[in-house]
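Going by our numbering, the letters in the sequence shown line up with residues 1 to 336, in that order.
Each residue gets a CB set at the ideal place from its N, CA and C atoms; glycine is no exception.
Worksheet for the structure shown next.
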Amino acid sequence: MLDPLLDKRLIFVTGKGGVGKSTVTAALGKALAARGKRTLVLETDTFSAMEDLYGYEGTGLEPVKLSETLYASNLMAEDCFVATLTRFVPGERVARAVINNRVARVFFKAAPSVNEVTILDQIRVFYEAEDQGKPRYDHIVVDLPASGHAVTFLNVPATMNGMMRGIGPIAKMTAQVSTIINDPKQTAIAAVCLPEEMPVNETIELASNLKSVLGRPLTLAIANMVHRAPLHDDDRPIFDALLARVRANAPGTSSLLFDEEPTDESDALARLVEGNALALGWHDRDQRYLGELRSRVDAPVIELPIFYETSGDDVVANVARQLGGDSSSLDHPLAI
1 MLDPLLDKRL IFVTGKGGVG KSTVTAALGK ALAARGKRTL VLETDTFSAM
51 EDLYGYEGTG LEPVKLSETL YASNLMAEDC FVATLTRFVP GERVARAVIN
101 NRVARVFFKA APSVNEVTIL DQIRVFYEAE DQGKPRYDHI VVDLPASGHA
151 VTFLNVPATM NGMMRGIGPI AKMTAQVSTI INDPKQTAIA AVCLPEEMPV
201 NETIELASNL KSVLGRPLTL AIANMVHRAP LHDDDRPIFD ALLARVRANA
251 PGTSSLLFDE EPTDESDALA RLVEGNALAL GWHDRDQRYL GELRSRVDAP
301 VIELPIFYET SGDDVVANVA RQLGGDSSSL DHPLAI
C-alpha cells in the first residue's frame with residue numbers, strides 16, 4: 001500500500017476534519033519507520049494528537065526520538081517564527097527581543113501568512129538537514145490542516161515570493177520552500193477521507209485545486225474506516241438466496257430457514273443472516289462512493305478498514321500494519 005510514497009522524502013497529509021487524518025498520519029509514520037527508514041512526523045501548530053497517539057510529551061521544535069527510526073515534533077508557530085528570524089538576525093536573543101517588542105508583535109500578528117511560511121520554513125530545515133553527508137531523515141510526514149485550508153497553506157511561500165518579486169533573503173527562502181513543495185518527485189500530498197459523500201467530494205475538490213493552484217497532482221487518496229464485506233464474492237449468490245428465503249417467510253416465522261419448526265438455533269441463524277445483509281449494505285454503499293472517487297481523481301485510492309480497538313495505540317499499530325501490507329487478520333470475512 002505504501003508504494004506511491006516510498007520514494008518521497010516529504011509527505012503532506014490532509015483531509016476533511018473528522019476523517020481520522022491524524023491517526024492515519026501517525027500510522028503512516030510508524031509504517032515507514034518499521035521499514036527501517038528514519039521517519040519524522042510533524043504537526044503544524046495544533047493541539048497535539050501525536051502525543052496521545054504515540055504516547056510522548058513534546059519539548060519544542062527539537063524532534064523527540066520515539067524509537068530507533070521514528071521521531072516526532074509539533075511545530076508551534078511562535079517557535080518557528082523565532083527559528084526563522086534567527087536565520088536572518090544575529091542570534092536567538094536578538095530574535096526573541098524582536099518578537100517580544102510590542103509594536104513588532106502587532107505587526108507580525110497582523111501580517112498575512114507569517115505563521116504558515118515560518119512553519120513551512122522549519123519543515124524545509126528538517127528536510128535539508130544532513131548527517132555525515134546524507135539526509136538526516138528518509139521521510140518527513142506532515143499532518144497538515146484540514147483540506148479546506150491545505151492548498152492555501154502550501155501556496156503561501158509562492159504567494160509571498162511573488163509579492164516580494166523574488167528580491168531579498170526572505171524571498172530566497174520562500175522560493176526554496178515553494179520549490180520543495182511543488183516537486184512531485186520528492187514531495188507527496190496524500191488525502192484522507194471517509195467513504196461518504198461530503199469527504200469524497202472534498203477530496204475530489206482538493207485534487208482539482210492542487211492542479212489549478214499548485215500545478216501538481218494529488219499523490220494518493222486514503223479511504224479510512226471502510227466497511228469490509230462480511231463474505232467472499234463467490235459466496236454472494238448463496239447468501240442472496242438464503243436472505244431471500246428468510247425474508248419470504250411471514251412475520252414471526254422468519255426463522256424458518258429449513259423445513260422444520262422454529263428453534264433457537266434457526267432464530268439465531270436468521271438474525272445472523274439479516275446482520276450480514278446489513279453489513280453487506282454498508283460495504284456496497286462505501287464502494288459506490290469510492291467508485292466515484294476513483295473515477296474523478298487521478299491518483300491511487302487505497303482502503304483502510306474499520307478497527308474497533310478502544311486504545312489509540314492499538315488503532316495506530318493496526319493501521320500501520322495494514323499500510324505496511326500485513327492484511328493477515330483482515331482477509332477472513334464470514335462466509336455463509
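Asked	Found
Bounding residues of the alpha helix (DSSP H) (the contiguous stretch that carries A158)	S147 to M163
Contact set for L304: own chain, Cβ-Cβ below 8 Å, skip 5 residues either direction	V24, I222, A223, N224, M225, V226, V319, Q322 and L323
Proximity below 8 Å, CB of K16 to CB of E202	yes
First and last residue of the uninterrupted beta strand (DSSP E) at E303	V301 to P305
Start-to-end residues for the alpha helix (DSSP H) that takes in F88	First-last for F88: undefined, no H or E at that position.
Secondary structure of K134, DSSP reduced to three states	strand
Supposed close pair T187, I181 - CB separation, criterion 8 Å	6 Å
L280 vs P230 beta-carbon contact at 8 Å	yes
Reduced DSSP category for M198 - H, G, I as helix; E, B as strand; rest coil	helix
Cβ shell of R9 (< 8 Å), same chain only, five flanking positions each side left out	Y127, P135, Y137, D138, H139, I140, Q186 and T187
Status (buried if at least 16 other CB within 10 Å, exposed otherwise) for T59	exposed
Three CB pairs or more closer than 8 Å across the stretch 283-293 and the stretch 188-196	yes
Inter-residue Cα distance where the pair is K65 and P4	26 Å
Whole-angstrom distance between L214 and S208, CA atom to CA atom	10 Å
Where A97 falls, given that 16 or more other Cβ within 10 Å makes a residue buried	exposed
Cross-strand partners of L42 (DSSP beta bridge)	S73 and V142
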